[in-house]
Amino acid sequence: MPDVAMPDTPQSCDVVVLLSGTGGNLQAMIDSFQDSSSPARIRAVISNRADAYGLERARNAGIETRALDHTAYEGREAFDAALIELIDTFAPKLVVLAGFMRILTPGFVRHYHGRLLNIHPSLLPAYKGLHTHQRVLEAGDATHGCSVHFVTEELDGGPLVVQAVISVELHDTPATLAQRVHAQEHLIYPLAIRWFAEGRLALSEHGASLNGQPLGPGGHLIQAT
Ligand code: GRF
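For the sequence shown, the UniProt record's numbering gives the first residue as 1, with consecutive numbering after it.
The structure is reproduced here in structure tokens:
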């Protein structure tokens, strides 16, 4: 053995991704984590819809996939219990919601407390729920964006990690806003996951922190150019 100190190799952080749809955010993660300097590793992708295109993206990248049909379960509690059992077979350090169109039970959210992230297409706490682009236009807002947050029992309400802000232009439609917001999602979600995987992002009883410093109510703010 050579008498030299071995460089620190960051421990890998296994991530399970939950999705129901096309998986644009999943693709951004796959592309971003290809860089071997990232400790984040997508261990599995799980969908409640067997036909979700996101599962195909995962298979194309050689990632394990599972489909768990929520309609086969009597109620949310039973589905979420089965989902927890399935997720935990992969022993992830982090679970990320990437367009997972299910309301999660308090028991599920508590089980993954501090290691469950979500992305939402608005500048939370504004515009929780659906149709955010339309609602921003109707309100005449000058800015819009997306938010990554830790998931708590309050829908779209957990501590914010990072937000990207875009400006709303006169000619914008819900479709053009969606396109620009998605482009920002694809930057900030891999970023937040990487922070978590590197041990820099954490949730404590005082809220979310980055590099040991409290993140504050809005999280880390990125102004899109
Ligand atoms: C994104 O807009 C995300 O903010 C929301 O669901 C959508 C998922 O899109 N939570 P995709 O399937 O990742 O393309």
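Heads up, the beta-carbon is just placed ideally off N, CA and C, and yes, glycines get one too. Please read these numbers as outputs of a predicted model, since none were measured by experiment.
The region 35-44 and the region 67-85 do not touch, with fewer than 3 CB-CB distances between them shorter than 8 angstroms. Distance from the Cα of Ala58 is smallest, within the candidate group Thr22, Gly75, Glu154, for Thr22. A straight line joining the alpha-carbon of Tyr53 with that of Cys146 spans about 22 angstroms.
Looking at the DSSP output, Asp14 bridges to Arg41.
Residue pairing by DSSP places Pro159 in no beta bridge whatsoever.
With fewer than 16 other Cβ atoms inside 10 Å of its own Cβ, Ala50 counts as exposed. In this chain, the beta strand (DSSP E) harbouring Thr65 covers 64-67.
With at least 16 other beta carbons inside 10 angstroms of its own, Pro190 counts as buried. Relative to the Cα of Leu124, the nearest Cα in the group Thr143, Ser38, Phe196, Met29 belongs to Thr143. If you draw a straight line from the Cα of Gly129 to the Cα of Arg102, it is about 12 angstroms long. Shortest Cα-Cα distance from Asn48 to any of Phe100, Ala81, Gly212 involves Phe100. Our two residues, Ser38 and Gln11, have alpha carbons roughly 10 angstroms apart in a direct line.
At a cut-off of 6 angstroms, the beta-carbon of Ala91 does not count as near ligand 1: no heavy atom of the ligand is closer than that.
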